[in-house]
Every structure is written in C-alpha cells, then in structure tokens.
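Colleague: Residues 186 to 596 (the numbering used here) are what the sequence shown spells out, left to right.
Virtual Cβ for every residue (Gly too), placed ideally from N, Cα, C.
Got a structure for you, questions after.
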Amino acid sequence: MHERRIPEWVRHAPAPSVRDFGILAGFEAIVRGILISVFPLAMYRALGDASSVSFLYFLVGVISLIAGLMVPFLIRFVPRRWAYTVGCLMFIGGALLAIEGSPAAVVGALALNTVATVVTFICFNAYVLDYISKIELGKCETSRMFYSALGWAGGPMAGVLLLEVWPPAPFVISAVAGAVMLIQFWRMRLGNGKLITKARGTAKNPLAFLPRFFAQPRLVAGYLFAMIRSCGWWIYVVYLPIFAIQNGLGEQLGGILLSTTNAMLFAAPLILRWVQGRSIRTAVRVGFAACGTCFVTAGAIAGWPIAAVAALVLGSIWLIVLDICAGLPFLMAVKPSERTEMSAIYSSYRDVSGILTPGVASLVLLISPVAGVFAVGGLALFGAWAVAVNLHPRLGKPRMTFQPGSLAETG
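In structure tokens:
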C-alpha cells in the first residue's frame, strides 16, 4: 500500500545522462579554471621568488603522483561516492585555506586542490565507464568539453581580475562552485557505481605492465608526446605570469592570455579538420616544431617582453593543436588486451610533467632568469619533434576513421 505512493524516481533513480556528466564536469572547470592563473600569482606574492615557487610546485607534483597511485588502492576500502565527496571537500577546503594568505596556507591550498583533482578525475572516469555505453563515449566527451569550455575560457581571466578587486574573491567563487559540484554529484545519485561480478583472479597492478610498456617504442613515443606537451602548458601557465610581473606587464596579463588561448577550444572542429587533411606524423611534427620555435624565440627575445609574450601566445595555439593530435599515436598503438593497464600508465603523464617541469625549472633558474625556462621548454618540444620522425608516415590515413570517441577503439 505505502510503496505505491513512493514516487518512481525515488524507488528507481533514473540513470545519469550524458548531459548530467557534462554539467558535473562544467562545475569542476569553474572550480579549477578560476584558480589556475591565481595560484602562481598567490605563490609568487607569498614567496617572492620564482625559484621557490618552482621548488614547491615540484613537491606538490610529487604529492599528486603519489595520490594518483594510491587512489585506486584506497577506493577498494572507501566507497567511491565518499571518495568523490572527499575530493569535492578538498576543493572547498583548499580554496578557503588560500584566503588566509600566508605562504604555508597557499602551499597547503595548492596541495589540496591538486590532490582533489586527482581523486575526482579517477572517480569521474570510473562513473562514466559504469553508466555511459561505449557508443556514447564520444558524445559524453563532447558534452564534457562543451560544458567545461566556459570555465576554462573565462575562469583564468576572471580569477586574476577579481584578485585585484578583492583578493579572496576567486577563492570564494571556487569554493561555492565546489559546493554546487558536490550537490550535482549527489543529485545524480551515482552511488558506488554499478555492481560488477567479482573477478576470479586478482587484478594485475598496472605497474606490472611497465616492462611491456617500455618494450613497445610506439607507446613510449606516445607517452613522451603527451608529457612534453603537458610540460609546455606548465611553462605557459606558471612561468608566463611570473615573467610578466618581473617585466612590469602586470599581474593580470597571464590569466587574460590563458583565457584567450583557451577560447581557441571553440575552434577545435576546424583544427581537427586541419589534422584530418594530413597524416598524424605530419600534424604532430608540425605542431611540436612550431611550438618549439615559438618557445625558443621567446627565450631569445626576452629583452623585448611584449614580443616574447606574443611568441608564447602563438606557441600556446600550437599546444592546442597538439592537444588534439599528439595523443593519437599512443591510443592507436595500444593492444586491445592491454588498454586498461596501459591507460593507467598513460594517465600519469600529467603528474610526471608536474614534477619534471618545476624540477628542471628550479635548476635553470639557478643560472638563468625566467626566460631560460622558455628556451629549455622549446628544446624539449624540439626533442618530441625529433622522436616523431619515427611515426609511420601513413598513420591516420585511409584505414582509420577520424570520428570523435572512436579513436580509443582503433587497434
């Protein structure tokens, strides 16, 4: 009798849609996007030294890598919905902690934000695989990028501008967005994911596949492309604002330029069409060569700050091109039977670049100004260009269909 009066949506929650996941990703983009240009400025204000900022980013990168390796293990004992909730709470706590403004508070806030990113990223992808069918993964990724575009395009500029109006403002907005993100998550009623039958054997640790990974040069090359591309973004996001401050161009410039660059994401279909018109090897090599040239040029003409910044902005456009095409060689080289394990290895490129970039930059800054970091980054990009010569000249040509969402399915 009473059960009939219970609404159907309460007894059987509707399965989350592609749009629901897109909205969830959109709130995360606001949480992170508004602080991505603020944290380097807050760190530099609190520490007053570019070398110290690099060293602390290096330590935070190490923490992020360890957290990324530990999360899959911890989720075995902590329900996934609570792991995601803790990640949201870390976003909120980190934003509120940064308002205090002391060096320790800012560094702690950056660490919380970084670990929260890793935790929510792993849980989010697990939920997507649980609830979104393979044929809709491409649609889900498109929806995620669409809803995230506003946060990544407008967030960096809004963050640095609000920092001047009222310093706590960007952190307050991030905390509020984190709270709404948590509400959206619980509204979706994802629980701990779909129940999966227990495997008969113990799942292999992805680290056990490292020998197989290093035995396949195409996988190693694909990983290097992703990592070096990520290093380029690290240099652009962290060291361009510091360079601007040191040369009297203002604290807001870095965030404004990052927002301008991210707005190029709306041109992704046009960039994809350009990539389709040539082999992947050609697109990857042109992207790395052009970006490397821009970064080396920026280091060489640092005496003309405006020209150097213009070169970096042009280089960042080529980084977006690489975002679209440089990950394809790895995806196409992975064997179907090893995709899960190799994907776990591949995802570590963000953490490795987050350790490598500030680590190398700290050494460079001992003997050179910030412009030296641009030059070294450019040389690394040229290194990727040299490695890309070994890609098959017809990779991505006739027998491959360039369809969103189908790239990972190509053997």
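Under 8 Å between the Cβ atoms of V291 and A227?
Modeller: Between V291 and A227, the gap from beta carbon to beta carbon is short of 8 Å.
Colleague: Kindly indicate which three-state DSSP category L550 falls into: helix, strand or coil?
Modeller: coil
Colleague: Quick one: using the 10 Å Cβ neighbour count with 16 as the cut-off for buried, is F410 buried or exposed?
Modeller: buried
Colleague: Quick one: any contact between the stretch 463 to 473 and the stretch 427 to 442, if contact means 3 or more CB pairs under 8 Å?
Modeller: no
Colleague: Where do the ends of the alpha helix (DSSP H) carrying Q369 lie?
Modeller: Run containing Q369: A354 to M373, per the alpha helix (DSSP H) assignment.
Colleague: Flag this pair as touching only if the stretch 258 to 269 and the stretch 328 to 341 have three or more C-beta atom pairs under 8 Å; answer yes or no.
Modeller: No, because fewer than three Cβ pairs between the stretch 258 to 269 and the stretch 328 to 341 fall closer than 8 Å, the two stretches do not touch.
Colleague: Roughly how many angstroms lie between the CA atoms of P543 and A496, to the nearest whole one?
Modeller: Their backbone Cα atoms lie some 21 Å apart in a straight line.
Colleague: Starting from the N-terminal side, write out each stretch of the beta strand (DSSP E) that is 3 residues or longer and does not extend beyond the stretch 213 to 290.
Modeller: none
Colleague: Can you check whether the CB of R414 is closer than 8 Å to the CB of L504?
Modeller: yes
Colleague: Under a Cβ-count criterion, where at least 16 other Cβ atoms within 10 Å of its own Cβ denotes burial, should G279 be classed as buried or exposed?
Modeller: buried
Colleague: Nearest CA to the CA of V178: which residue from L281, I368 and I491?
Modeller: Limits of the chain in this structure are 186 at one end and 596 at the other, which puts residue 178 out of reach.
Colleague: Candidates L314, L425, L241 and L404: which alpha carbon is nearest L375's?
Modeller: Between L375 and the set L314, L425, L241 and L404, the nearest pair of CA atoms involves L314.
Colleague: Would L507 pass as a contact of G472 if the rule is Cβ separation under 8 Å?
Modeller: The answer is yes: Cβ separation under 8 Å.
Colleague: Hey, G484 and G557 are a contact pair by Cβ (cut 8 Å); roughly how many whole angstroms apart?
Modeller: That belief holds up - the Cβ atoms of G484 and G557 are roughly 6 Å apart, short of 8 Å.
Colleague: Does DSSP put P341 in a helix, in a strand, or in coil?
Modeller: Three-state DSSP puts P341 in a helix.
Colleague: On the three-state DSSP scale, how would you describe W418?
Modeller: helix
Colleague: Relative to the alpha-carbon of N432, which residue among A362, W351, R397 and V494 has its alpha-carbon at the smallest distance?
Modeller: V494
Colleague: Just to confirm my understanding: we take L297, look at its own chain, exclude 5 residues before and 5 after, and list those with CB closer than 8 Å. What are they?
Modeller: M275, F276, G278, G279 and L282
Colleague: What would DSSP say about S532, mapped onto helix, strand or coil?
Modeller: coil
Colleague: On the CB-based measure, 16 or more other CB atoms within 10 Å of its CB, does M342 come out buried or exposed?
Modeller: Its Cβ being crowded by 16 or more others within 10 Å, M342 is buried.
Colleague: Rank A362, G462, L576 and T446 by C-alpha distance to the C-alpha of P402 and give the top, closest one.
Modeller: L576
Colleague: Taking C-alpha atoms, which residue in M412, L367, G286 and L395 lies nearest to L348?
Modeller: G286
Colleague: Under 8 Å: do the stretch 538 to 555 and the stretch 226 to 242 share three or more Cβ pairs, one atom per stretch?
Modeller: yes
Colleague: Measure the C-alpha to C-alpha separation of A200 and I317 and round it to an integer number of angstroms.
Modeller: Distance between the alpha carbons of A200 and I317: 9 Å.
Colleague: For a test of the three-state rule: what should DSSP assign to Q437, helix, strand or coil?
Modeller: coil
Colleague: For W337, which residues from the same chain have a beta carbon less than 6 Å from its beta carbon, with the 5 sequence-adjacent residues on both sides left out?
Modeller: A214, G218 and N447
Colleague: Ordered along the chain, which non-local residues of its own chain (more than five positions away) have a Cβ less than 7 Å from that of G339?
Modeller: So the list reads S444, once near-sequence residues are dropped.
Colleague: Can you tell me whether V203 is buried or exposed? The criterion is at least 16 other CB atoms within 10 Å of its CB, across all chains shown.
Modeller: buried
Colleague: So for G202, helix, strand or coil by DSSP?
Modeller: Checking the sequence shown, residue 202 turns out to be Ser, not Gly. S202 falls in the coil class under three-state DSSP.
Colleague: Quick check on this structure: which residue in I420, M412, I509 and A487 has the alpha carbon closest to the alpha carbon of W459?
Modeller: I509
Colleague: Beta carbon of D205, beta carbon of M366: below 8 Å?
Modeller: no
Colleague: Rounded to the nearest angstrom, how far is the Cβ of L295 from that of F224, given a contact under 8 Å?
Modeller: With 8 Å as the limit, L295 and F224 qualify as a contact, their Cβ atoms being about 5 Å apart.
Colleague: Taking the CB atoms as reference points, tell me whether I248 and T299 lie closer together than 8 Å.
Modeller: yes
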